[in-house]
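All remarks here apply to the structure that follows.
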Amino acid sequence: MKWPKLKKFLVQFNLMLNRSLINKTYPPIIFDVGKQRVKFFSKATGQTDPIYFDEKVAKEKGFPSLLVPPTFLTTVGHEQKNPYQYLKDLSIDMKNVLHAGQSYTYHHLIFAGDKITMESKIKDMYDKKNGRLQFVEFESLFFNQNKKLIVESLSTLVIR
Amino acid sequence: MQFWDYKSAKIGENLPELIIGPISRTDLALYASASGDHNPLHIDTDYANQIGLPDVIAHGMLIMGYLGRVLTNSTNQNQILEYNVQFSSITNIGDKLTCSATVKKIYTNGSGKNLKLELSVKNQYDDLKLKGHSLIKIL
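Top line first, the protein sequences correspond to chains W and R.
The opening residue of the first sequence carries number 120 in my numbering; numbering runs sequentially from there.
The opening residue of the second sequence carries number -2 in my numbering; numbering runs sequentially from there.
Written out as structure tokens, the structure is:
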């Protein structure tokens, strides 16, 4: 079998990820950063500095409102109607997926009251161990209400 | 808050460790709600059993959140430029975690002086749960 034909076969029977979906983009998500959500997330991750849950202290520090902790933006992706649409597009069963890696690059701080826009795409796919482990990289760029790029995120998922 | 003294940091020095846990079901339930990650793998033992796991497992992002506190306890958050991790193994209920950071590199570039930290989270059996690095801007 010639490679293009073989590839089509492998993708069809789910033995290989459909790499033609690399660079597929997803509709932007708008997310209002609510005070209660920031407080709750800070509590659930055990933050002790009151700038994450006491607005008075945050304002005394010169911040407009509560400071958003470094991994908070993970919540934005879960706000979608179908948070794992890209896995469905790749015919990946959630049961076989584990989070393998997460990277954040920070450009600006985020505060409660900000309006965030998340723009995402499938960034890359590759495999290791002769195809036994397949990886998908999902990139999200976050912008604030002033259209400033605030955070870049890269999630790597491994399919077992 | 008393921050860590990055200005006089030396390569190989450790930041104060953070001890977490033992991880409870309540921790996972609260994080599921707070983060919006409602994957039953983290909150529903019946589901975990169905897919062949003996019990629910912790959200990787919860562990990243805990480790992030080593950073936010040490400096102003606007000095954290990058925070990257790889999840090495599953974190289970009852795991007691040690979150660590070690100074790996100090260098100056066009935008000023930066410091690279090597990060890790291990459980009570010394199993690596998570490793990563962070880039801190020294002001």
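Built from N, CA and C at the ideal position, the CB exists for glycine as well.
Cβ of residue i less than 7 Å from any chain R Cβ?
i               : result
K117 of chain W : With chain W covering only 120 through 279, there is no way to say anything about residue 117 of chain W.
T280 of chain W : The requested residue 280 of chain W does not occur in the structure, where chain W is confined to residues 120 to 279.
K214 of chain W : yes
S272 of chain W : no
L228 of chain W : yes
A177 of chain W : no
S210 of chain W : no
S239 of chain W : no
T236 of chain W : no
Q204 of chain W : no
Y223 of chain W : yes
A163 of chain W : yes
F159 of chain W : yes
P183 of chain W : no
P169 of chain W : no
T190 of chain W : yes
Round the Cβ separation of residue i and residue j to the nearest angstrom and send it over; I've been treating them as touching at under 8 Å.
i               : j               : result
E14 of chain R  : S97 of chain R  : 5 Å
D92 of chain R  : G18 of chain R  : 6 Å
G196 of chain W : P189 of chain W : Actually they do not touch by this definition, with Cβ atoms about 15 Å apart.
S71 of chain R  : L127 of chain R : The Cβ separation is near 18 Å, so there is no contact.
L114 of chain R : T95 of chain R  : That pair is no contact at about 15 Å.
N89 of chain R  : I54 of chain R  : 6 Å
N81 of chain R  : S222 of chain W : 4 Å
K234 of chain W : D151 of chain W : 6 Å
When the cut-off is 7 Å and only beta carbons count, does residue i lie next to chain W?
i               : result
L78 of chain R  : yes
I48 of chain R  : yes
Y32 of chain R  : For the record, residue 32 of chain R in the displayed sequence is Ser; it is not Tyr. Cβ-Cβ to chain W under 7 Å: yes for S32 of chain R.
F0 of chain R   : no
V82 of chain R  : yes
N120 of chain R : no
Y44 of chain R  : no
G57 of chain R  : yes
G107 of chain R : no
K3 of chain R   : Looking at the sequence itself, residue 3 of chain R is Tyr, so the reference to Lys does not match. So no, Y3 of chain R is outside the interface.
G91 of chain R  : no
L27 of chain R  : yes
G18 of chain R  : no
N75 of chain R  : yes
Please name the residue, chosen from the options, that lies closest to residue i on a Cα-to-Cα basis.
i               : options                           : result
D168 of chain W : R:A55, R:N73, R:I40 and R:K134    : R:N73
V187 of chain W : W:K143, W:D233 and W:I229         : W:I229
S85 of chain R  : R:S117, R:I8 and R:A45            : R:S117
I48 of chain R  : R:W1, R:P37, R:G57 and R:M58      : R:P37
N46 of chain R  : W:T275, W:I278, W:K214 and W:F254 : W:K214
D173 of chain W : W:H197, W:A231 and W:L136         : W:A231
E238 of chain W : W:A219, W:Q155 and W:N263         : W:N263
L217 of chain W : W:Y205, W:K207, W:T190 and W:V277 : W:V277
K101 of chain R : R:D2, R:A6, R:F0 and R:Q(-1)      : R:A6
S21 of chain R  : W:T164, W:Q221, W:S272 and W:L273 : W:T164
D208 of chain W : W:R279, W:S139 and W:S274         : W:S139
I25 of chain R  : W:D151, W:N137, W:Q155 and W:F160 : Contrary to the premise, residue 25 of chain R reads as Leu rather than Ile in this sequence. Here the closest residue by C-alpha is W:F160.
N75 of chain R  : W:H227, W:V157 and W:W122         : W:H227
T275 of chain W : W:Y225, W:V176 and W:Y205         : W:Y205
Along the chain, where does the alpha helix (DSSP H) that runs through residue i open and close?
i               : result
F257 of chain W : Counting along the chain, F257 of chain W falls outside any alpha helix (DSSP H), though it belongs to the beta strand (DSSP E) covering L252 to F262.
V176 of chain W : E174 to E179
M155 of chain W : Sequence check: residue 155 of chain W is Gln here, not Met. Taken as a continuous stretch (DSSP letters only), the alpha helix (DSSP H) holding Q155 of chain W covers K154 to A163.
A29 of chain R  : R22 to S32
D43 of chain R  : T42 to Q47
H197 of chain W : T193 to H197
From which residue to which residue does the beta strand (DSSP E) around residue i run?
i               : result
G62 of chain R  : Where G62 of chain R is concerned, there is no enclosing beta strand (DSSP E), although the alpha helix (DSSP H) it sits in stretches over G57 to T69.
Y104 of chain R : L94 to N106
K207 of chain W : It is not in any beta strand (DSSP E) - K207 of chain W instead sits in the alpha helix (DSSP H) that spans Q204 to D208.
D151 of chain W : T144 to D151
L276 of chain W : L268 to I278
H35 of chain R  : No beta strand (DSSP E) holds H35 of chain R; DSSP gives it neither H nor E.
P12 of chain R  : Reading the sequence as shown, one finds Leu at residue 12 of chain R and not Pro. L12 of chain R -> no beta strand (DSSP E), and no H or E assigned at all.
Between residue i and chain C, is any beta-carbon pair separated by less than 7 Å?
i               : result
A231 of chain W : In the structure shown, chain C cannot be found, because the protein chains are W and R.
Quiz item: Using 8 Å as the Cβ pair cut-off and three pairs as the minimum, do the stretch 178 to 185 of chain W and the stretch 258 to 272 of chain W touch?
Solution: no
Exercise. Examine the Cβ distances between the stretch 240 to 255 of chain W and the stretch 147 to 157 of chain W and report whether three or more of them are shorter than 8 Å.
Key: no
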